[in-house]
Structures are given as C-alpha cells and as structure tokens.
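In my numbering, the protein residues as written are 5 to 125.
Ideal Cβ placement from N, Cα and C applies to all residues, glycine included.
This report refers to the structure that appears directly beneath it.
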C-alpha cells in the first residue's frame with residue numbers, strides 16, 4: 005500500500021515542518037505563501053480538489069516536472085507546466101505532507117519516501 009496510516013504524530017509533524025521549509029524554498033514563488041496559486045495561470049494547492057483526486061499525478065509533477073495538458077482545479081482551467089524541481093524522494097514526500105495538511109487541507113495518512121521512489125514516469 006502506498007500510504008502509511010499514521011502511527012506516530014511526531015513523524016508527520018516533523019515531515020510537515022521539513023515540507024514547509026522546502027515549500028518556502030521551491031514552491032512559494034508560483035503557488036504563493038497561501039497556496040492559492042494564480043487563478044488561471046498557476047493552480048492552487050490550498051483546498052485543491054485536484055490535489056486530493058489526483059494524488060499520484062500531483063506527486064509525479066513534483067518528481068518529474070509538470071503535468072502535460074489542461075487540468076481543471078476547483079472548476080478553473082489551467083494549462084501551464086511546472087518545472088522539474090530536482091528534489092529527492094524524501095523531500096517530495098515532505099512537501100506533499102505539508103501541502104496535504106496546510107491551508108485547510110487535511111489528510112489522515114502520510115506520504116513516505118518509499119512510495120515516491122516507486123513512482124515512474
């Protein structure tokens with residue numbers, strides 16, 4: 005199973021904090037400090053239906069660079085490509101755990117490095 009149910013709050017708390025720092029370094033310039041992106045240009049990750057409904061695709065976007073083609077997030081069309089960030093699998097897992105648990109988002113599982121590593125283009 006790709007996701008691990010939380011057994012220790014400390015593990016997710018530490019991952020979220022690492023993810024926050026990474027988000028501030030790599031993601032904030034496009035997705036903004038509040039995770040709302042830029043309407044019609046950069047999709048939001050705050051309260052994003054796409055993030056939760058297309059989790060694997062979202063992780064792959066971080067790992068390999070953007071999603072090709074048009075997507076609809078919260079009813080708005082987007083057609084921009086995210087650049088490849090050059091992040092390690094553990095860093096991608098931390099960013100995902102941060103974004104899945106910030107700005108009103110809540111996810112009761114943890115994304116782990118092993119799962120991120122298993123994803124192929």
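Coil, strand or helix - residue i by DSSP
i	result
residue 82	strand
residue 45	coil
residue 76	strand
residue 58	coil
residue 123	coil
residue 98	helix
residue 31	coil
residue 53	helix
residue 87	coil
residue 40	coil
residue 16	helix
residue 103	helix
residue 69	coil
residue 23	helix
Residue i vs residue j beta-carbon contact at 9 Å
i	j	result
residue 32	residue 54	no
residue 82	residue 97	no
residue 44	residue 109	no
residue 133	residue 84	Outside the displayed range of the chain (5 to 125) lies residue 133, so it cannot be described from this structure.
residue 107	residue 65	no
residue 30	residue 104	no
Status (buried if at least 16 other CB within 10 Å, exposed otherwise) for residue i
i	result
residue 19	buried
residue 11	Caution applies to residue 11, whose pLDDT of 46 falls short of 50 and renders its modelled position unreliable; the model cannot decide the point.
residue 5	At residue 5 the pLDDT is 39, less than 50, meaning the model places this residue with poor confidence and gives no usable figure here.
residue 124	exposed
residue 101	buried
residue 62	buried
residue 17	exposed
residue 112	exposed
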